[in-house]
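Number of protein chains: 2
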Amino acid sequence: MAHSSTRPTSRDVAQAAGVSQAAVSLVLGDKWRGRVSQTTAERVREAARDLGYRPNLAARNLRLGHTRTVLLVVPALTTEFFAGVYTGAARVAAEHGFGVVLYPSPEGIGPARDPFASAQAALDGVIASSMAADALTAIRGDQLPLVMLDSDPAGSLGAATVNLDIADGVRQVAAHLLGLGHRRILHLAADVPSWTFEVRAEELAAHTAAVPGTHLSTARAPISIDGALTATEAALTTPGPRPTAIVCDDDKLAAGAYKALRRLGLRVPDDISVTGLDDLALATALDPELTTVRLDAELFGDRGMRALLAVLDGREPESGDIPVELVVRGSTAPPPTPR
Amino acid sequence: MAHSSTRPTSRDVAQAAGVSQAAVSLVLGDKWRGRVSQTTAERVREAARDLGYRPNLAARNLRLGHTRTVLLVVPALTTEFFAGVYTGAARVAAEHGFGVVLYPSPEGIGPARDPFASAQAALDGVIASSMAADALTAIRGDQLPLVMLDSDPAGSLGAATVNLDIADGVRQVAAHLLGLGHRRILHLAADVPSWTFEVRAEELAAHTAAVPGTHLSTARAPISIDGALTATEAALTTPGPRPTAIVCDDDKLAAGAYKALRRLGLRVPDDISVTGLDDLALATALDPELTTVRLDAELFGDRGMRALLAVLDGREPESGDIPVELVVRGSTAPPPTPR
DNA sequence: GCCTCCAAGTGTTACGTATAACGTCCGCTT
DNA sequence: AAGCGGACGTTATACGTAACACTTGGAGGC
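These protein sequence lines are chains A and B, in that order.
Quick note, the first sequence lines up with residues 1 to 339 if you use full-length UniProt numbering.
Quick note, the second sequence lines up with residues 1 to 339 if you use full-length UniProt numbering.
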């Protein structure tokens, strides 16, 4: 409360402690090992505390040339999945003195092709999830360190990628269903052009084709309960033998499938089995509880952030996909015996 | 690509365009009405484009003394509700050239009492949701403009508040249930010390008490499906007449109640009615679909951000609670006729 | 007794931007 | 003809911080 009503600066602290501004910077920056005496350091800290001093981040960032802030680009915030990714990323960021700002892309906020204008912060790096290639090249043009989540390692222009082992998850689902005896399977696919969903389709096709006599059909729906409802209803009311299992690209689609099946008077799992992918809270709210693939969203964000920190340090990011786990619940059973 | 490999500065642009750095600032800052000629301005813009110039935000923030960045403090990110609040707030922020950084508080990231250290950005203001009083005073101590969401207007130390009209929502639920003939009601309450949940309890008590012969009981559960499951099961297996309706503090609790009822062999809504509050995607995934109170999360964030912008401008924030709407679905019906 | 060296600091500078204050030329009025 | 103001810039400065280069007063070595 020296004289001014504005926020105290390091110079105000220096004056209060009777030292130079440089000494304050040394002490508060913990760089004072053999440069400032114990007692002076304590005096500085006390003055800072008394004045309620907080360093001006803008000035620090300007001086240092970096901001310790990264941008997390996510496709949407309509499930808790990406909230989990954010939480995981933000936790390890905080451990390393970094902050995370979120950019729900692309049709969300602001001009879609300029995440940087919207994220008002100056950035040290970017973690981008399931991003379209053109937006990717725009970011690359900015020379910012970049980590891609859930993206084709081959198509990422050399950016580091961190992926969940979705392929293995789909393999587990296929093995589970085929092991129960299912041979007519409907794939309820997300109608979103994204690498991760292509992987699901390819992997499922490959594994079902490996078992003779298996038939795989596909229905596409936007990722919403109602979208899945109508798509499933349409797929199940076409002529021909009915599938005995529905593999959904995510849990939300599965919830829509449940509703379609109820409308059609079919019972899960007696008449038809259903699987999801994500393991959202939704999965255990359904009746019966959904057999699904558990994705560890927080670990995903965690690994993504660690990879970005590695890139920033010039180190090699840890490689290897994140394992996923099939969680068998009540929505899958052997197919009904034909009579 | 003049000479340096670092990011181009406004001075580089000036050199390329053959003008002074000040002129560049004028042009790019759109302050050149009668100060720079049309043709020079165009030349500057072209040079900036060619060099891929992006202003250094840290330098701008330092010069300007503000950051156009606000902090949004939310209790958790485990449902899409606060994701919606963020989305709404970020949208209007972007429209006004502001950015939003998120701080999931308090047991989440970093040292709980210092949101500012974790949010690495320098801040112009704070929007805080359902916040405990001690954290509130810590923020107030920093003299930052503050808007409180979902908080007691009387206890906010003079900070602006923006609230959903939860009281009216609860009133609508009570009127709906009482109108159907329910007289024994169980309140499945969130076991979280927060003003918004106190309001729900008080309001429900007041409205049921207004109808003679009505009995209200209460069960408390943490906000999770499993927590609600066990609490509901316990409440319904105590001796005495069974309630005919369960009013849940939010949709997630309602999902837990559904599971408990299924275990007990009770049917919704024939044996017992259930209501929620939030209208998450979960509500329509349940069978039967949940009668609940729709909260417009994005509008909530929108109004919160607008209020903060008003405070920053020295204007008076718009007052008045945000209306909510009862959505009647299949989970409520008249109570079973005693026989 | 002189040189060296270290602890304990201080003075100064640069980061990149926005803007206030200042110059200059020229056309036009009075 | 003198002056005046608008168009079109430029020069200089400050924002608050971190770090480099320097100073100073002893203590210790030989």
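Even for Gly, the Cβ is constructed at its ideal location relative to N, Cα and C.
Review point. At least one CB of chain A closer than 7 Å to the CB of B/Thr-87: is that the case?
Key: yes
Review point. Given that A/Lys-31 touches chain B, what residues does it touch there, using C-beta distances under 9 Å?
Key: Chain B residues near A/Lys-31: none, gap ~18 Å exceeds 9 Å.
Exercise for review: Find the residues of chain A that neighbour B/Gly-213, judging by a C-beta separation of less than 9 Å, and give them in chain order.
Suggested key: The contacting residues do not exist; B/Gly-213 stays about 34 Å from chain A at best.
Exercise for review: Run down chain B in chain order and give the residues with a C-beta less than 9 Å from the C-beta of A/Arg-262.
Suggested key: Asp-287
Exercise for review: Could you check the C-alpha separation between B/Gln-15 and A/Gly-256 for me, to the nearest Å?
Suggested key: 60 Å
**Study point:** Listed by chain order, chain A residues near residue 393 of chain B by CB distance under 7 Å
**Key:** Shown here, chain B extends from 1 to 339; a query on residue 393 of chain B therefore has no answer.
Exercise for review: Could you spell out where the beta strand (DSSP E) holding B/Arg-220 opens and where it closes?
Suggested key: 215-221
Practice item. With DSSP as the reference, label B/Pro-269 as helix, strand or coil. Key: coil
**Study point:** Chain-ordered neighbours of B/Glu-80 on chain A, where CB pairs are closer than 9 Å
**Key:** Leu-77, Thr-78, Thr-79, Glu-80 and Ala-83
Point to revise | Distance, B/Val-147 Cα to A/Lys-259 Cα | key: 41 Å
Exercise for review: Using DSSP bridges, identify the partner residues of B/Tyr-103.
Suggested key: B/Val-73
**Study point:** Cutoff 8 Å; reference B/Glu-233; Cβ partners in own chain excluding five residues on either side
**Key:** Ala-260, Arg-263 and Leu-264
Check your understanding: Of all the CB atoms in chain A, is at least one closer than 7 Å to the CB of B/Asp-12?
Key -> no
Point to revise | chain A contact for B/Ala-122 (CB, 7 Å cutoff) | key: yes
**Study point:** C-alpha distance - B/Ala-112 paired with B/Ala-121, whole-angstrom precision
**Key:** Residue placement at B/Ala-112 is poorly supported in this model, since its pLDDT is 41, which falls under 50; the coordinates still yield a value, given next. Going by the C-alpha atoms only, they are around 17 Å apart.
Point to revise | Distance between B/Val-100 and A/Ile-109 (C-alpha atoms, nearest Å) | key: The predicted position of A/Ile-109 is uncertain, since its pLDDT is 39 and thus under 50; a value taken from the coordinates is nonetheless stated next. Each residue's alpha carbon lies about 11 Å from the other.
Check your understanding: Among all the DSSP beta bridges, which residues are the ones paired with B/Val-126?
Key -> B/Leu-71 and B/Leu-146
Review point. Of all the CB atoms in chain B, is at least one closer than 7 Å to the CB of A/Val-101?
Key: yes
Check your understanding: In three-state terms, what does DSSP make of B/Leu-51?
Key -> helix
Practice item. Provide the residue(s) that pair with residue 341 of chain B in DSSP beta bridges, ordered along the chain. Key: The requested residue 341 of chain B does not occur in the structure, where chain B is confined to residues 1 to 339.
Review point. Assuming B/His-66 and B/Asp-30 make a contact with CB atoms under 8 Å, what is their CB distance in whole Å?
Key: Contact flag wrong, Cβ pair sits at about 18 Å.
Check your understanding: For chain B, is any of its Cβ atoms less than 7 Å away from the one on A/Ile-225?
Key -> yes
Point to revise | Option nearest A/Glu-325 by Cα separation, candidates A/Pro-334, A/Gly-84 and A/Ala-297 | key: A/Ala-297
Exercise for review: Quick one: list the residues of chain A neighbouring B/Pro-104, beta-carbon separation under 9 Å, in chain order.
Suggested key: Ala-83, Tyr-86, Thr-87 and Ala-90
Practice item. Within the stretch 154-240 of chain A, note down every full beta strand (DSSP E) run reaching 3 residues or more, in order along the chain. Key: 160-162, 184-190 and 215-221
Check your understanding: Less than 7 Å separating the beta-carbons of B/Tyr-103 and B/Leu-62?
Key -> no
Practice item. Check B/Ala-333 in the structure and name its three-state DSSP category. Key: coil
Exercise for review: Please state if the CB of B/Asp-251 and the CB of B/Leu-280 are separated by a distance shorter than 7 Å.
Suggested key: yes
Check your understanding: Measuring CB to CB, does A/Leu-204 end up less than 7 Å from A/Ile-246?
Key -> no
Practice item. For A/Gly-240, I'd like the list of residues in its chain whose CB is within less than 8 Å of its CB, leaving aside the five on either flank, ordered along the chain. Key: none
Check your understanding: Would a C-beta distance cut-off of 7 Å place A/Gly-169 and A/Asp-302 closer than the cut-off?
Key -> no
Point to revise | Endpoints, beta strand (DSSP E) assigned at B/Leu-286 | key: Segment: none, B/Leu-286 is in no beta strand (DSSP E) and carries neither H nor E.
Review point. What are the residues of the stretch 227-239 of chain B that lie near chain A, defined by any Cβ-Cβ distance shorter than 9 Å?
Key: none
Practice item. Report the neighbours of A/Leu-282 on chain B: residues whose CB is nearer than 8 Å to its CB, in chain order. Key: Ala-281, Leu-282 and Ala-285
Check your understanding: Could you give the uninterrupted runs of the alpha helix (DSSP H) lying entirely in the UniProt domain "HTH lacI-type" (8-64) of chain B, keeping only those of 4 residues or more?
Key -> 10-17, 21-28, 38-51 and 57-64
Check your understanding: Taking the Cβ atom as the reference point for each residue, do B/Pro-288 and B/Gly-181 lie within a distance shorter than 7 Å?
Key -> no
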